[in-house]
Amino acid sequence: MRWENLTVETRHDRPADAALFGADAVTTRTFDTPEFAGITFHEIRARSILNRVPGASRMPFEWTVNPYRGCTHACVYCFARKTHSYLDLDTGTGFDTQIVVKVNAPELLRRQLASTRWHGEHVAMGTNVDCYQRAEGRYRLMPGILTALRDRANPFSILTKGTLVLRDLDLLRQCAEVTDVGVSVSVGFIDTELWRTVEPGTPAPERRLDVVRTLTDHGIGCGVLMAPVIPFLGDQPDRLRATVRAIAASGATSVTPLALHLRPGAREWFMAWLARHHPYLVRRYERLYADGAYAPKWYQRRITRQVHELAEEYGIGPTRAGMPRRVPPPEPVEEPTGPGPTQLTLI
Ligand code: SF4
């Protein structure tokens, strides 16, 4: 690995280091390149890489692998922000710019998969932070991780917003030949203006849908997690329609909508963003999320119904190689013009 324009510091004595990794050393690197300007990487050697999801979790999987902590994709609403506080790191800008890298993830995973205590359960990746965030272009941990999973024919799934996943297309195909592989791409909306402000470090939604198209064209069925659907900004019927239409045109095998949720850590950061960019919506959000992190059930049900109806209309489902898509390319979406009436009446 070549390290260009690099500064390196090895630390043993800071409180954050202790919170991160007990007594182990942390190597801190910064790269003086435009791609990583302002970002600090904390390289660690993790002690375990297969994490069991707590029983009380709402997640539909039991085991995860997360080679990174923090995410340069910098989505304002990211629910993982809170986890940075467990490391004594800031949940706002710190989450976007202080990236923990488990540099031994591939070798550790290979060892843990070979353990007699491991029974080949499904492993979910991209569930805490994005495993194909920009740092992966530098550290290249995922090829080793995928190779370890392939060699044990261990089923797994990946959720990402990163176009970098296409770098590993050949490996994914090899994995799919020996085990169950699920890839989902997250696209909650296709509004360019909203994307630039609320997901500033991610590839554009159209590029993510190109990923879906490429994966499906190469035999890796790819679903879209339509998340988050952002109240009053991405949930109007014409916007939902434009997004589902674009998802259908990409050849996605499924679309699963998920309304925005705002857990502690993300909530404060998102509300500050909202006050800056859409101050007229602050009161409405306070009412919509008055009962906690999740939008009311009626709201969630309404979004789900609308998206499922649109998915049905546009025929989202598996496409066969060589078959034409059922829908034309998406039409441009009208940009927001500021405060105005929406379809929602809040309780
Ligand atoms: S890509 Fe995912 S993990 Fe990264 S900031 Fe966005 S929501 Fe969080």
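Under the UniProt record's numbering, the letters of the sequence shown match residues 1 to 347, in that order. All C-beta atoms in this analysis are idealised placements derived from N, C-alpha and C, irrespective of residue type, glycine included.
How would you call residue i, buried or exposed, if buried means at least 16 neighbouring beta carbons within 10 angstroms?
i	result
residue 180	exposed
residue 289	buried
residue 157	buried
residue 275	exposed
residue 291	exposed
residue 120	exposed
residue 252	buried
residue 150	buried
residue 231	buried
residue 293	exposed
residue 54	exposed
residue 168	buried
residue 298	exposed
residue 34	exposed
residue 116	exposed
residue 192	exposed
residue 228	buried
residue 234	buried
residue 153	exposed
residue 37	exposed
Taking the DSSP output, what are the residues bridged to residue i?
i	result
residue 63	52 and 123
residue 102	44
residue 284	Its beta-bridge partners do not exist; DSSP assigns none.
residue 184	159 and 223
Report the three-state DSSP secondary structure of residue i (helix, strand or coil).
i	result
residue 179	coil
residue 259	strand
residue 314	helix
residue 29	strand
residue 97	helix
residue 198	helix
residue 85	helix
residue 190	coil
residue 270	helix
residue 160	strand
residue 225	strand
residue 69	strand
residue 299	helix
residue 294	strand
residue 233	coil
residue 152	coil
residue 141	coil
residue 112	helix
residue 326	Residue placement at residue 326 is flagged as unreliable, the pLDDT there being 45, under the threshold of 50; a coordinate-derived value is accordingly withheld.
residue 80	coil
residue 34	helix
residue 205	helix
residue 321	Note that residue 321 has pLDDT 39, beneath the 50 cutoff, so the model's placement of it is unreliable and the number below is only indicative. Residue 321 falls in the coil class under three-state DSSP.
Between residue i and ligand 1, is there a pair consisting of the residue's CB and a ligand heavy atom that are separated by less than 7 Å?
i	result
residue 202	yes
residue 119	no
residue 175	no
residue 98	no
residue 84	no
residue 102	no
residue 153	no
residue 297	no
residue 78	yes
residue 133	yes
residue 293	no
residue 71	yes
residue 129	yes
residue 75	yes
For ligand 3, I want to know if residue i counts as a neighbour, meaning its beta carbon is within less than 7 Å of at least one of the ligand's heavy atoms.
i	result
residue 185	The model on display carries ligand 1 but not ligand 3.
Can we say the stretch 102–117 touches the stretch 279–286, given the rule of at least three CB pairs closer than 8 Å? no
Do the stretch 68–86 and the stretch 127–141 make contact, defined as three or more Cβ pairs closer than 8 Å? yes
Spell out a yes or no on whether the stretch 82–90 and the stretch 137–151 are touching, meaning 3 or more CB-CB pairs, one atom from each, closer than 8 Å. no
Does the stretch 95–104 come close enough to the stretch 43–62 that 3 or more CB-CB pairs lie under 8 Å? yes
Give a yes or no on contact between the stretch 183–191 and the stretch 220–240, applying the rule of three or more CB pairs nearer than 8 Å. yes
Answer yes if the stretch 206–218 comes into contact with the stretch 231–244, meaning at least three C-beta pairs across the two stretches below 8 Å, and no otherwise. no
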